[in-house]
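One structure is given here, and the rest of the page talks about it.
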Amino acid sequence: MTVKVSVKDESTIIRRCLKGDVEAYGRLVDRYSARIINVALMMVGDRHEAEDIAQDAFIRAFRGLGGFKGRAAFSSWLHQITLNLCRDHLKRRARGGGPVPMSEETLEGSRDGGQEERPDPIVDGELSETMREEIARLPYLYREAFVLRHLQGMEYYEVAAITRVNADTVRVRAYRARELLRGRLAPAVDTYWREKAQKERSR
Amino acid sequence: MTPRRDLHRAVDGELSKQETRRLEKDPLAKAELDRLKAISQAPREVVQPVRAPSGFKKKILDEIRRQHRPKA
Chain Z
7 MTVKVSVKDE STIIRRCLKG DVEAYGRLVD RYSARIINVA LMMVGDRHEA EDIAQDAFIR
67 AFRGLGGFKG RAAFSSWLHQ ITLNLCRDHL KRRARGGGPV PMSEETLEGS RDGGQEERPD
127 PIVDGELSET MREEIARLPY LYREAFVLRH LQGMEYYEVA AITRVNADTV RVRAYRAREL
187 LRGRLAPAVD TYWREKAQKE RSR
Chain X
2 MTPRRDLHRA VDGELSKQET RRLEKDPLAK AELDRLKAIS QAPREVVQPV RAPSGFKKKI
62 LDEIRRQHRP KA
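First to last, the sequence lines map onto chains Z and X.
Under the numbering used here, the first residue of the first sequence carries the number 7, and numbering increases by one thereafter.
Under the numbering used here, the first residue of the second sequence carries the number 2, and numbering increases by one thereafter.
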């Protein structure tokens, strides 16, 4: 459920929360819960873990409201908390023997990495799942930039504020993410794009 | 040959109209541009977003209340 709450409303809600009005915080949870769960899901690749991370992010955000200066939007700050939790979660998972690369070098990945031959995904309901999987295989920092830019529809400067790097760095990460996905998804996406164009022409 | 950086800038709408027209005149560059646009747009159109599970908000608010309950 998405509930419309303006930025002005948000500061009113935050003031109420700071006075201990937990119920008021529910409006912010309503507004951002789906978005935050989806970001976490794209980052960690598991729905239940994503829900736990999102829940934790909302609780931490409430606890930290006293220190929230309002210089950035509440949603940017909430995304920042969520991404920090995702990163910690993936580090813990990697320490437990999981396959997630978390060194700075592997976080950035390599320009031509990951373009090995993969079977062509079928373009239908499976495309959604294939895309999710391929996005999940991107190096962490590329994935972060791609998810915020292309799934959340943020501008580069907004992503930069959340990830605390400059907009040009985000831009390069998004370029590299697209290049990797291009190598892995091109056949399926070509078909998708052709079919979409045909549908639009026949309207 | 069109530099790949220009293709990405075109995907982001950061090329001038003139530069974009020049790029689109090259069939290979145009095909690659379409592909990169599809890579950028398809996830948003294709990947099904999940919804918050029922009781999600309640769990959060209950936990916040529990943490903020004055100690007896």
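Note that CB positions come from ideal geometry on N, CA and C, so glycine has one too.
Secondary structure within the stretch 153-180 of chain Z: the alpha helix (DSSP H) runs of 4 or more consecutive residues, fully enclosed, are 162-169 (chain order). Out of Z:M48, Z:A40 and Z:K75, the CA that lies nearest to the CA of Z:L24 is found in Z:K75. DSSP places X:V48 outside both helix and strand once states are collapsed to three, so it counts as coil. Within the stretch 129-143 of chain Z, the residues whose Cβ lies closer than 7 Å to some Cβ of chain X are L133, S134, M137, R138 and I141, listed in chain order. At a beta-carbon threshold of 8 Å, the residues of chain Z lying near X:R45 are H156, L157 and G159, ordered along the chain. DSSP places Z:L84 inside the alpha helix (DSSP H), whose first and last residues are F80 to R101. By the CB criterion at 8 Å, X:L24 and Z:R184 fall outside the cutoff. Boundaries of the alpha helix (DSSP H) around X:K18: K18 to K26. The Cβ atoms of Z:L84 and Z:A63 lie closer than 8 Å to each other.
X:L8 and X:A30 do touch by the CB rule: their CB atoms are close to 7 Å apart, below 8 Å. Within the model, the alpha-carbon separation for Z:A203 versus Z:T197 is close to 10 Å. Z:F80 is positioned such that its CB atom lies closer than 8 Å to that of Z:I20.
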